[in-house]
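Notes for the one structure printed next.
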């Protein structure tokens, strides 16, 4: 047996995590080319989550605050489907439509990630389909 830890490492499994509700299947609903999440080894990588009704997929465009609440609830559903939770987040990337909304995002964020917040990056960007916020994340499985 080799002393090289890379050669002795077990193969990394890659599991596609299905959308936990029909409305969160962004491929079927919107034609986006992405999995809801990928579980690889001890981590879950969640694709961009937006404010859609998890059952119907209907866009729930509204204020940044209302969209952020729905996006976090949708993120929670995807994480739970993958065997994780909001409490196990290690990184969050938040995209918001206007950096002036940074404080509004933070108020919502603190409600869903109240203690020991994960690493985070926030960008001001133009988000597809006129959404005001989109989240992607990495969590421990």
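In our numbering, the protein residues as written are 2 to 142. Even glycine gets a Cβ: it sits at the ideal position worked out from N, Cα and C.
Going by C-alpha to C-alpha distance, which of the options sits closest to residue i?
i: residue 88; options: 113, 79, 66; result: 113
i: residue 65; options: 103, 29, 77, 39; result: 103
i: residue 101; options: 126, 117, 86; result: 126
i: residue 69; options: 37, 29, 19, 49; result: 49
i: residue 16; options: 37, 28, 27, 29; result: 37
On the DSSP bridge list, what partners appear for residue i?
i: residue 27; result: DSSP output for residue 27 lists no bridge partner at all.
i: residue 33; result: Its beta-bridge partners do not exist; DSSP assigns none.
Report all residues from its chain with a CB closer than 7 Å to the CB of residue i; omit the five preceding and five following residues, and keep chain order.
i: residue 55; result: 22, 24, 25, 75, 78
i: residue 123; result: 95, 97, 103, 106
i: residue 57; result: 24
Can you tell me where the alpha helix (DSSP H) with residue i in it begins and where it stops?
i: residue 72; result: 65-82
i: residue 98; result: No alpha helix (DSSP H) contains residue 98, which DSSP labels as neither H nor E.
Apart from the five residues just before and just after residue i, which ones in its own chain have a Cβ nearer than 6 Å to its Cβ?
i: residue 129; result: none
i: residue 42; result: 13
Could you pull the start and end residues of the beta strand (DSSP E) that residue i belongs to?
i: residue 135; result: 134-141
i: residue 48; result: 44-50
i: residue 15; result: 15-18
Could you tell me whether any non-hydrogen atom of the ligand ATP is closer than 6 Å to the CB of residue i?
i: residue 109; result: The model on display carries no ligand, and the ligand ATP is accordingly not part of it.
Ignore the nearest five residues each way along the sequence and tell me which others in residue i's own chain have a CB closer than 8 Å to its CB.
i: residue 44; result: 91, 139, 140, 141, 142
Does the pairing of the stretch 93-103 with the stretch 33-44 give three or more beta-carbon distances under 8 Å?
no
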